[in-house]
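First the structure, in the form of structure tokens, and then the observations on it.
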Amino acid sequence: MDQPMQSEYGEYWDNLLKQERKLAIRDIIDSQLVTEDGLRIGRVASIECLLGDDTSPVLLHLLVGPEALASRISPRLRKWLHFFLHGRFEYKIPLSEVKRFGPTLLLHGPASHYGPGRSEQWIARTLFRWIPGSGYESSEN
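Just remember that our numbering sits 1 ahead of the position in the sequence shown, which is counted from 1.
Structure below.
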């Protein structure tokens, strides 16, 4: 009988790598994104994958923004939000930018290197300023 091929790492590490691979996508969605300088810039709303040669998905980008989040609820809701927001708050972060995986995803660069976070600023400027007691003060006053 032919033995299944093992990689150079051995059976123990092969099983560990397979387990981590299975957990990766599940653990990435809704994870907090933290930049190198310690700022939280948002959460992963969705992921962008490509089917590899062996039809297994290959993770390409982390998607951040309200439209990507809305697509988890309904494709119609995503289209509706896109009509109003025009993709202004949608961001793709390449997987290569992730330095460490865990409950939070640590990114290689500082916050100024990434776009997410602007949507929170927009929400504060346009919505929270009208809520009494929100603590938001307009820079115009």
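Glycine included, each C-beta is placed from N, C-alpha and C at the ideal position. Computed from a predicted structure; not experimentally measured.
| request: Please report the Cβ distance between Leu64 and Cys50, rounded to the nearest whole angstrom; I am assuming they are in contact, meaning their Cβ atoms lie under 8 Å. | output: The count along the sequence shown starts at 1 and reaches residue 64 at position 63. The count along the sequence shown starts at 1 and reaches residue 50 at position 49. At roughly 11 Å, the Cβ-Cβ gap does not stay under 8 Å, so Leu64 and Cys50 are not in contact.
| Same chain only: Cβ atoms within 8 Å of Leu78, ignoring 5 sequence neighbours per side | Translated into positions along the sequence shown, residue 78 becomes position 77. Within the same chain, Leu78 has close Cβ partners Ala71, Ser72.
| field | Delimiting residues of the alpha helix (DSSP H) encompassing Arg130 | value | Position 129 of the sequence shown holds residue 130. Segment: none, Arg130 is in no alpha helix (DSSP H) and carries neither H nor E.
| task | Would you kindly report the start and end of the unbroken beta strand (DSSP E) that includes His57? | result | One-based indexing of the sequence shown puts residue 57 at position 56. A small correction: the amino acid at residue 57 is Ser; His does not occupy that position in the sequence shown. Where Ser57 is concerned, there is no enclosing beta strand (DSSP E), given that its DSSP letter is neither H nor E.
| Where does Leu108 fall in DSSP's three states? | As a first step, residue 108 must be located in the sequence shown, where it is residue number 107. Leu108 falls in the strand class under three-state DSSP.
| Cross-strand partners of Arg44 (DSSP beta bridge) | The residue you call residue 44 lines up with position 43 of the sequence shown. Arg44 pairs with Gln33.
| Pro104 versus Ile26: straight-line alpha-carbon distance, rounded | For the purposes of this step, residue 104 is taken as residue 103 along the sequence shown, with counting starting at 1. For the purposes of this step, residue 26 is taken as residue 25 along the sequence shown, with counting starting at 1. The alpha-carbon atoms of Pro104 and Ile26 are separated by roughly 12 Å.
| said: So for Glu49, helix, strand or coil by DSSP? | reply: By 1-based counting over the sequence shown, the position of residue 49 is 48. Looking at Glu49 - three-state DSSP - the assignment turns out to be strand.
| query | According to the neighbour-count rule (16 or more other Cβ atoms, all chains shown, within 10 Å of its Cβ), is Leu24 buried or exposed? | reply | The count along the sequence shown starts at 1 and reaches residue 24 at position 23. Note that Leu24 scores a pLDDT of 48, beneath 50, so its modelled location is shaky and nothing firm can be said.
| query | Thinking C-beta only, is Ser47 closer than 8 Å to Ala69? | reply | In the sequence shown, residue 69 corresponds to position 68, counting from 1. In the sequence shown, residue 47 corresponds to position 46, counting from 1. A contact, by the Cβ cut-off of 8 Å.
| message | Quick check on DSSP: helix, strand or coil for Arg73? | response | For the purposes of this step, residue 73 is taken as residue 72 along the sequence shown, with counting starting at 1. Arg73: helix per DSSP, three-state reduction.
| query | Thinking just about the alpha-carbon of each residue, which of Gly43, Glu37, Asp38, Asp31 is nearest to the one in Tyr92? | reply | Here residue 92 is taken as the residue at index 91 of the sequence shown, counted from 1. That would be Gly43, whose Cα lies nearest to the Cα of Tyr92.
| task | Give a yes or no on whether the C-beta atoms belonging to Val35 and Leu106 are separated by under 8 Å. | result | Within the sequence shown, numbered from 1, the residue matching residue 35 stands at position 34. Within the sequence shown, numbered from 1, the residue matching residue 106 stands at position 105. In contact: Val35 and Leu106 (Cβ atoms closer than 8 Å).
| query | In terms of alpha-carbon separation, which member of Pro76, Gly88, Phe90, Phe102 lies closest to Ser32? | reply | As a working note, residue 32 is residue 31 in the sequence shown. The candidate whose alpha carbon is nearest that of Ser32 is Phe102.
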